[in-house]
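Have a look at the structure below before the remarks.
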Amino acid sequence: MEEIKTMQTTVAHSYSRWSGLFAVCLLALLASQSVRASHITVDIHSDVGLFYQELAPFGEWISTPQYGHIWIPNSTPLGWRPYTLGHWSYNERVGWIWISYWQWGWATFHYGRWINHPDYGWAWIPGTDWAPAWVAWRSGNGWIGWAPLPPEAAWEDNKGLTGSMEKIEKHIPFHAWSFVPQDAIFSRELHTREIIMSARNVTVLPLTKPVTRYEAVNHQVINHGADIEQLRMTAGLATKPVRLVDVTYPAALEATKVGKDELALFRPTMDLTSEIEPPKPGAERYPGQTAKQMQNRHRLTLKAMQLYHEAERKAMEQLHARQLSQPPAQPDIEQQQSKEREAVTELHRWEQHVLDRRLQLERSQVESRSK
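First residue of the sequence shown? That's 13 in this note's numbering, and the numbers climb one at a time after it.
This is how it looks when you write it as structure tokens:
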């Protein structure tokens, strides 16, 4: 157990160093979300048109043969994945609640499913059922982790998730998981300080077991997930009950004054039918830009990806060197490190592919509009 704690500390510190390179970028990205969602007042019932209108300022709606309309967020940082830029809270009535730092988080982390699309990267599929969070959970050996549930994890009202978690987890890529030491689960700085590099998930995943558990009670989704009482005992976590305060339109989430131990939620009952169509892809994100300006922006984006990958590889090399220099050596450490190097190479290849495809699609959209 001492070796595990040492590894956790080493990993967390290593991640903190390389993620610090992007902490300022993250703050800038969040600040750049100056476009506010329109103030659409709704009652307890609404339809998917609300998603289309409220999310349009922050991303693009794309029509796909398999999933219908999906939404791709703009301005997410390099290496981003769902359920990372935010923090966890707990309510005795609904269980684990994800509190997102994104303005669009009220929809995308509480309804629907996420996929890692080969052309667009992380994309959100709208859904009708509100939950405090739609994630799979794993826990064990001092670690706790979560990942966005895939579309294969269907929900039946008052029955729960369909299918076994063993089958559902087969549709979750290794890099979708976010792992932290158990005592860091309520940290407000998960992304910049606690979550380990996703390439290291190949090491931590086998150390944990599935603990996903959802319950349906009176049409309410309860996210039990990791055992809160066990965490309180084993990790010494002290938690205060959070009271939920419902608001009637999205913009009220920020406008509503709530107490320290209160959480404002916007959670209407949704209908996927709508007379409203989502905005067409290729809407002007950069109005008035010339072809040369687009080329320069793409060049800078590709360079940023290169620097990001170099920083991540260097952080892993430094971590591996420290592991080898700290006696006693862990069993099979060289094999473990080899798998992690393979994982980071695979992940970087995937991220580069997605970025290339997105830039290619943007060029195609710009060219089609100019004709």
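Even glycine gets a Cβ: it sits at the ideal position worked out from N, Cα and C. Bear in mind the structure is a predicted one, so any value in this text is a computation, not a measurement.
| said: For a quick check, are the C-beta atoms of W158 and S199 less than 8 Å apart? | reply: no
Considering only the alpha carbon of each residue, which of E289, D239, V378 lies closest to Q301? V378
Can you tell me whether DSSP reads P94 as helix, strand or coil? coil
In the DSSP assignment, what residue or residues form a beta bridge with K221? S151
Here's the rule: buried if 16 or more other CB atoms are within 10 angstroms of the residue's CB, otherwise exposed. What is Q194? buried
Q) Y132 lies in the beta strand (DSSP E); which residues open and close that run? A) That residue, Y132, is in no beta strand (DSSP E); it is neither H nor E in DSSP.
task: Determine the DSSP secondary structure at T76, reduced to helix, strand or coil.
output: strand
Notebook entry, point to check: Taking the continuous beta strand (DSSP E) assigned at M282, which residues delimit it?
Noted result: 281-283
- Item | Simplified DSSP state of I240, which is helix, strand or coil | helix
Whose C-beta lies closer than 6 Å to the C-beta of R279 among residues of the same chain, with five residues either side of it excluded?
W142
My assumption, with CB atoms under 8 Å, is that N153 sits in contact with L219. Please give the rounded CB distance.
4 Å
Please classify I242 as buried or exposed, where buried requires at least 16 neighbouring CB atoms within 10 angstroms. According to the sequence displayed, residue 242 carries Gln and not Ile. Q242 comes out exposed.
Quick check on the DSSP output: the alpha helix (DSSP H) that includes I180 runs from which residue to which? 177-181
Contact check, I111 vs G98, beta carbons under 8 Å: yes
Next item on the list: Report yes if the C-beta distance between W73 and N235 is below 8 Å; otherwise report no.
Entry: no
| request: Enumerate in chain order the residues of its own chain whose CB-to-CB distance from G71 is below 6 Å, with the five nearest sequence positions on each side excluded. | output: W83, I84, P85, N86
Fill in: Among E201, N230, A135, nearest to W6 - alpha-carbon criterion
Residue numbering for the chain in the displayed model covers 13 to 383; residue 6 lies beyond these limits and cannot be assessed.
Unbroken alpha helix (DSSP H) run spanning R255, endpoints
Looking at the DSSP string, R255 is not in any alpha helix (DSSP H); the run it does join, the beta strand (DSSP E), is 255-258.
**Asked** Do you know how far the Cα of R369 is from the Cα of H129?
**Response** 11 Å
(request) State buried or exposed for A8, treating a residue as buried only when at least 16 other CB atoms are found within 10 Å of its CB. (result) It is not possible to answer for residue 8, since the shown part of the chain is limited to 13 through 383.
**Q.** Residue environment, Q335, which counts as buried when at least 16 other CB atoms sit within 10 Å
**A.** buried
* To do: Grab me the residues of Y132's own chain with a C-beta within less than 6 Å of its C-beta, minus the 5 sequence neighbours each way, in chain order.
  => I84
### Task
For my contact list, T215 and E352 are in at a C-beta cut-off of 8 Å; report their separation, rounded to the angstrom.
6 Å
* Would you mind sorting N213 into buried or exposed? The rule is 16 or more other CB atoms within 10 Å of its CB. => buried
Q | Between the CA atoms of A316 and W30 - distance to the nearest angstrom | A | Note on W30: pLDDT 39, under 50, position unreliable in the model; no value is reported.
task = May I ask you to report which of helix, strand or coil DSSP gives D59?
result = strand
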